[in-house]
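Structure first, commentary second.
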Amino acid sequence: MTKNNTQYDTDTDTLNRNKTAPPKKYGVFLLNDDYTTMDFVVKVLTEIFMLPEERAIAVMLLVHHEGKGLCGVYSRDIAETKQQQVMRLARQEEQPLQCVVEEV
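Taken in order, the sequence shown gives residues 1130 to 1233; the numbers are from the numbering used here.
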């Protein structure tokens, strides 16, 4: 009988060691400034984050009034890619828009 318990405990230990935590999620946020146009922020939200225009306007207003707005939640790699796309487009359009990635 001890042998069966030992086998069971070994199986349980193996199961516990093989469990992995779910991947962390990261939010991509736009930050407010006094120069970036509202139209450009909506363009970023619709083209890069694929938000419908109505939702993009709501997020843009959140950025404008609260200073920061969540664009989406992704795995780290995708969040960083989105951030790079935003920054590249902002440079091309000569807009000072800032975008940050934070663990959520």
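From the three backbone atoms N, C-alpha and C, an ideal C-beta is built for every residue, glycine too. This one's a predicted model, so the numbers in the text were calculated from it and none came from an experiment.
The region 1162–1172 and the region 1205–1215 do not touch, with fewer than three beta-carbon pairs separated by less than 8 Å. In this structure, DSSP gives K1154 a state outside helix and strand, which the three-state scheme calls coil. Using a Cβ distance threshold of 9 Å, L1160 and V1192 count as a contacting pair. The C-alpha of V1233 is placed about 11 Å away from the C-alpha of P1152. Exposed is the label assigned to K1148, since fewer than 16 other Cβ atoms lie within 10 Å of its Cβ. Boundaries of the beta strand (DSSP E) harbouring Q1227: 1227–1232, taken from the DSSP string.
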